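All remarks here apply to the structure that follows.
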Amino acid sequence: MTKSREQGALEPVAGNGLLHRRLFLAGGAALAGTTFLTAKAAPPDLPESMKAPGVGLRAYGERSAHEAAVHRAVGATPGTTGTGSSRTPLESLEGIITPSSLHFERHHSGVPDIDPAQHQLLIHGLVERPLIFSMDALARYPMVSHIQFLECSGNSAGNNTAEAPQQTAGGMHGLASCSDWAGVPLSVLLQEAGVKPEGKWLLAEGADAAAMSRSVPMAKALDDAILALYQNGERLRPEQGYPVRLFLPGYEGNMNVKWLRRLKLTDAPVMAINESRQYTLLMDDGKAWRFYYPQEIKSFITRPSPGMKMPSPGYYQISGIAYSGHGRVAKVDVSADGGKSWAQAALQAPVLPKALTRFRMPWAWSGQPAVIMSRATDEAGNVQPTRAQLIKERGEPRGTPLVTAFPMGHVNCICSWGIDAQGAVSHVYV
Ligand SMILES: Nc1nc2c(c(=O)[nH]1)N[C@H]1C(S)=C(S)[C@@H](COP(=O)(O)O)O[C@H]1N2
Ligand SMILES: [Mo]
Numbered sequence: 004m005t006k007s008r009e010q011g012a013l014e015p016v017a018g019n020g021l022l023h024r025r026l027f028l029a030g031g032a033a034l035a036g037t038t039f040l041t042a043k044a045a046p047p048d049l050p051e052s053m054k055a056p057g058v059g060l061r062a063y064g065e066r067s068a069h070e071a072a073v074h075r076a077v078g079a080t081p082g083t084t085g086t087g088s089s090r091t092p093l094e095s096l097e098g099i100i101t102p103s104s105l106h107f108e109r110h111h112s113g114v115p116d117i118d119p120a121q122h123q124l125l126i127h128g129l130v131e132r133p134l135i136f137s138m139d140a141l142a143r144y145p146m147v148s149h150i151q152f153l154e155c156s157g158n159s160a161g162n163n164t165a166e167a168p169q170q171t172a173g174g175m176h177g178l179a180s181c182s183d184w185a186g187v188p189l190s191v192l193l194q195e196a197g198v199k200p201e202g203k204w205l206l207a208e209g210a211d212a213a214a215m216s217r218s219v220p221m222a223k224a225l226d227d228a229i230l231a232l233y234q235n236g237e238r239l240r241p242e243q244g245y246p247v248r249l250f251l252p253g254y255e256g257n258m259n260v261k262w263l264r265r266l267k268l269t270d271a272p273v274m275a276i277n278e279s280r281q282y283t284l285l286m287d288d289g290k291a292w293r294f295y296y297p298q299e300i301k302s303f304i305t306r307p308s309p310g311m312k313m314p315s316p317g318y319y320q321i322s323g324i325a326y327s328g329h330g331r332v333a334k335v336d337v338s339a340d341g342g343k344s345w346a347q348a349a350l351q352a353p354v355l356p357k358a359l360t361r362f363r364m365p366w367a368w369s370g371q372p373a374v375i376m377s378r379a380t381d382e383a384g385n386v387q388p389t390r391a392q393l394i395k396e397r398g399e400p401r402g403t404p405l406v407t408a409f410p411m412g413h414v415n416c417i418c419s420w421g422i423d424a425q426g427a428v429s430h431v432y433v
């Protein structure tokens, strides 16, 4: 008798029990009889919630009190208020959207309290007509919205320390989040201001005490840059730059200037401290890589991940995220045997350019120790490097703490989780 496609899907396609992604496409039919969980036979008692009416209506929603354990991991720089970062708990999330209240934060001098009725945006410098916009005026321009990720270039820098840091997936990679950003295309406003031929760069300046300043090349400004006013359908959170932020899809987090107050057209980059000293990669030979914009192809497994325990051998769904500042994710390969063999994961639709992409992989865990990892490729053909490849290119790990990790920014190497015979998950280097 010939095997059905579904039965075929239950046969391993790579070492240590990885199964074909087709298993998910078959609607799970093949898994009947090989259950992920044991369903109880007796019906549950009538729950208390059915015996009396629930609480009343609420004007602004809150999550369930039972979910309070899911929160950002906050790391403020000692001796400062609000300078530092907080990380998205990626291991607790599914899909591709980051709830606004869990979007990672990175502030150089805290979160300013800005009244939108007072705030103004100035466009000046090498333009025909300098313009000042109130927030109300800005909101009257045509808008676009896109689901796109934002990532700090210091994200995942823990992979470049000598010992594998024992962090959760969010602790390692949680300076990345993904939202539906809506706002006014920058190109529309530049057209109105009239860019002079010598205007090749824009200085973007924030209205915070850090006066975050970055130079943006004109090509990006005219391509897909927006002045973001909305995040996941509502006005930006204060932490994300309320009332207006520059959003440069795929570009390193730092350039996405929050609390934007000024765009000055210039003929050259201004070499602000935030781009001349910070946010450069200092190489072992003393040279610094500067103006290093797109966030490179990256992926990692969020479930299972460190801090979790696999309760027993059996069927599991490996789940993770992939993204690239260069466009769409083309494919994600997963290995369960430390990189010896690989099989392609299922990509959850929609697979959007410069957005988080959710991948999933069925796995029959035998109960033996295993090392799981993912390797993404983007539509431009960029493949996520191994850690050894990154070290070859950048030099040996410097062991610098995460907060001063600028020389180790743009770390996008493959990240491995080890699973021991008891099912405990840890971060391992292979
Ligand atoms: N004005 C201003 N803009 C800023 C920053 C800042 O400190 N001030 N931090 C930058 C950095 S380093 C990053 S990674 C992103 C973080 O954006 P988020 O806090 O919305 O996640 O904002 C960038 N824009
Ligand atoms: Mo950043």
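Start counting the sequence shown at 4; every next residue gets the next number (this note's numbering). Cβ coordinates follow ideal geometry from the N, Cα and C atoms, glycine included. Predicted model, so just to flag it, every value in this text is computed and none were measured.
Can the beta-carbon of residue i be found closer than 8 angstroms to that of residue j?
i    : j    : result
L249 : L225 : no
A349 : R24  : yes
K267 : L178 : no
R378 : W345 : yes
S302 : V335 : yes
P246 : H122 : yes
M138 : V187 : no
S156 : E255 : yes
A2   : G173 : Residue 2 is absent from the structure shown; the chain starts at 4 and stops at 433.
A372 : D340 : Just to set this straight, residue 372 is Pro in the shown sequence, not Ala. No, these two residues do not count as a Cβ contact at 8 angstroms.
A142 : L232 : yes
N19  : S103 : no
P316 : S429 : no
R306 : N257 : no
S300 : N415 : For the record, residue 300 in the displayed sequence is Ile; it is not Ser. Yes.
L134 : K199 : no
T101 : S180 : yes
P220 : H149 : no
G323 : F362 : yes
K261 : G244 : yes
Q169 : K357 : no
S327 : A17  : no
L284 : Y295 : yes
Relative to the alpha-carbon of residue i, which residue among the options has its alpha-carbon at the smallest distance?
i    : options                : result
E2   : T171, V73, A196, N163  : Limits of the chain in this structure are 4 at one end and 433 at the other, which puts residue 2 out of reach.
T389 : A383, M376, E382, D381 : M376
G161 : V428, Q387, L125, R401 : R401
A228 : S218, K199, S190, A207 : S190
S369 : P314, K343, A142       : P314
E399 : L284, K343, T164, H110 : T164
F136 : R265, S180, M311       : R265
G82  : S112, R61, Y432, I99   : S112
A325 : P47, A352, G317        : A352
L124 : S218, C181, L263       : L263
A120 : E97, L251, R90, A140   : A140
T171 : D118, D288, T91        : T91
N259 : Y432, L49, H110, R61   : H110
L22  : K203, T269, L60, Y318  : Y318
A210 : P241, M286, T380, Y144 : P241
E14  : P365, L284, K343       : P365
So, is residue i buried or exposed, given that buried needs 16 or more other C-beta atoms within 10 angstroms?
i    : result
S67  : exposed
S52  : exposed
F409 : For F409, the pLDDT reaches just 42, beneath the cut-off of 50, and the residue's location in the model is therefore unreliable, although a value from the coordinates is still provided. Buried, by the Cβ-count rule.
Q298 : buried
R293 : exposed
A383 : exposed
A212 : exposed
H413 : buried
T84  : exposed
A271 : exposed
A45  : exposed
G289 : exposed
Y282 : buried
message = Closer than 6 angstroms between the C-beta and any heavy atom of ligand 2: which residues qualify, listed along the chain?
response = So the residues near ligand 2 by this Cβ test are R109, C155, S156, G157, G256, N257.
In chain order, each alpha helix (DSSP H) run of at least 4 residues that lies wholly inside the stretch 271-353
List check, alpha helix (DSSP H) in window: 276-279.
- Item | Every unbroken alpha helix (DSSP H) within the stretch 66-144, with a cutoff of 4 residues, ordered by chain | As for any alpha helix (DSSP H) of minimum length 4 sitting wholly inside the stretch 66-144, the runs are 138-141, ordered along the chain.
Practice prompt. Run through the stretch 148-226 for me and flag every whole beta strand (DSSP E) of 3 or more residues, listed as ranges in chain order.
Written response: For the stretch 148-226, whole beta strand (DSSP E) runs of length 3 or above, ordered along the chain, are 179-188, 204-209, 216-220.
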